[in-house]
Amino acid sequence: MNKLLFTLMISLAMLAGPAAHAAAETRDPGDHFFSQSFGDLREELATARKQGKKGLFIMFHNTECPWCEKMRTNVLNQVSVQDYFRQYFINLQIDTEGSEMVTDFDGKQMMEKDFALKHNRVRATPVFIYLDTNGQQLVKYTGATRDVQEFMWLGEFIVGEHYKNKRFAIYKRERQQAAGSQS
128 MNKLLFTLMI
138 SLAMLAGPAA
148 HAAAETRDPG
158 DHFFSQSFGD
168 LREELATARK
178 QGKKGLFIMF
188 HNTECPWCEK
198 MRTNVLNQVS
208 VQDYFRQYFI
218 NLQIDTEGSE
228 MVTDFDGKQM
238 MEKDFALKHN
248 RVRATPVFIY
258 LDTNGQQLVK
268 YTGATRDVQE
278 FMWLGEFIVG
288 EHYKNKRFAI
298 YKRERQQAAG
308 SQS
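The opening residue of the sequence shown carries number 128 in the working numbering; numbering runs sequentially from there.
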């Protein structure tokens with residue numbers, strides 16, 4: 128009987144293996160989350176409007192930021208996150224210490240670090256800014272999210288336009304309570 132139980136457990140593990148692997152499927156966020164950009168934010172807004180997107184998502188980061196790396200390796204690499212955000216946003220990244228040129232919404236060129244600090248007051252990383260298709264800031268979120276779920280709720284907060292009548296902390300609490308009552 129023990130041999131039969133062992134064989135059954137091995138068979139189930141082999142069947143669950145591919146499913147478990149598929150559930151945790153990841154892809155490089157550089158290739159699958161962030162859009163390629165030439166640095167002209169006016170052009171990015173025009174593309175977002177043309178494609179019927181909600182707007183732009185900008186992640187302000189720097190190469191030495193451990194929280195930025197956490198977001199890349201634990202959240203932005205998830206296929207479900209990538210697919211959802213690409214459906215609704217043009218996703219860009221701006222290096223807070225970068226010297227690449229960016230053209231802002233008024234046509235003014237500046238280095239990434241100046242756009243981050245002077246234009247958006249980014250002093251810590253990561254910072255996520257959501258902009259509508261007119262370039263108006265909808266939400267600014269500072270710091271890494273706790274997990275994939277919290278990041279998805281942040282996206283849903285924008286897509287569902289909940290930012291118009293409540294803060295994200297309230298929306299998140301409501302989502303947590305709803306998830307807890309379904310358990």
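Glycine residues also receive a C-beta, built at the ideal position from the N, C-alpha and C atoms.
Every value quoted in this text rests on a predicted model; they were computed, and no experiment measured them.
Would you tell me roughly how many angstroms separate the C-alpha atoms of Phe187 and Lys267, rounded to the nearest one? By one-based count along the sequence shown, residue 187 stands at place 60. By one-based count along the sequence shown, residue 267 stands at place 140. C-alpha separation (whole angstroms): 11 Å.
Contacts around Leu244, its chain only, beta-carbon distance under 8 Å, and the 5 residues preceding and following it disregarded: Counting from 1 along the sequence shown, the entry for residue 244 is found at position 117. Excluding residues within five positions, the ones whose Cβ falls inside 8 Å are Thr223 and Arg250.
Any idea what DSSP makes of Thr200, helix, strand or coil? Translated into the one-based positions of the sequence shown, residue 200 becomes position 73. It is helical.
If you compare alpha carbons, which of Glu170, Gln276, Gln303 and Gln220 is closest to Asn261? Here residue 261 is taken as the residue at index 134 of the sequence shown, counted from 1. If we check each option's Cα against that of Asn261, Glu170 comes out closest.
When DSSP labels each residue in this structure, what does Ala149 get in the three-state scheme? Numbered from its first residue, the sequence shown carries residue 149 at position 22. Any reading at Ala149 is ruled out, since the residue's pLDDT is 44, under 50, leaving its predicted position unreliable.
Could you compute how far the alpha carbon of Gly182 sits from the alpha carbon of Gln214? As a position in the sequence shown, residue 182 is number 55, starting the count at 1. As a position in the sequence shown, residue 214 is number 87, starting the count at 1. The straight-line gap from Cα to Cα measures roughly 11 Å.
Could you check which residue in Gln263, Thr252, Gly307 and Thr269 has the C-alpha nearest to that of Pro193? Mapped onto the sequence shown, residue 193 falls at position 66. Considering only alpha carbons, the answer is Thr252.
Mapping the DSSP letters down to three states, classify Val208 as helix, strand or coil. Stepping through the sequence shown from its first residue, residue 208 is reached at position 81. Of the three classes helix, strand and coil, the one that applies to Val208 here is helix, per DSSP.
Between which two residues does the alpha helix (DSSP H) carrying Leu168 extend? Reading the sequence shown from its first residue, position 41 is the one you call residue 168. Looking at the DSSP string, the run of the alpha helix (DSSP H) that includes Leu168 is Leu168 to Lys177.
CB of Phe216 within 8 Å of CB of Lys180, strictly: For the purposes of this step, residue 216 is taken as residue 89 along the sequence shown, with counting starting at 1. For the purposes of this step, residue 180 is taken as residue 53 along the sequence shown, with counting starting at 1. Against a cut-off of 8 Å, the Cβ pair of Lys180 and Phe216 comes out as a contact.
Assuming Asn218 contacts Phe160 under a Cβ cut-off of 8 Å, what Cβ separation, rounded to an integer in Å, is found between them? The residue you call residue 218 lines up with position 91 of the sequence shown. The residue you call residue 160 lines up with position 33 of the sequence shown. That belief holds up - the Cβ atoms of Asn218 and Phe160 are roughly 6 Å apart, short of 8 Å.
Can you give me the C-alpha to C-alpha distance between Ala306 and Asn247, rounded to a whole angstrom? Position 179 of the sequence shown, counting from 1, holds the residue named residue 306. Position 120 of the sequence shown, counting from 1, holds the residue named residue 247. In a straight line, the C-alpha of Ala306 is about 34 Å away from that of Asn247.
Taking the alpha-carbon positions, what's the Asp155 to Asn204 distance? Within the sequence shown, the letter at position 28 stands for residue 155. Within the sequence shown, the letter at position 77 stands for residue 204. If you take the alpha carbons of Asp155 and Asn204, they lie about 6 Å apart.
With a 10 Å radius around its C-beta and 16 neighbouring C-beta atoms as the bar for buried, classify Ser207 as buried or exposed. For the purposes of this step, residue 207 is taken as residue 80 along the sequence shown, with counting starting at 1. Classification of Ser207: exposed, given that the 10 Å Cβ count is below 16.
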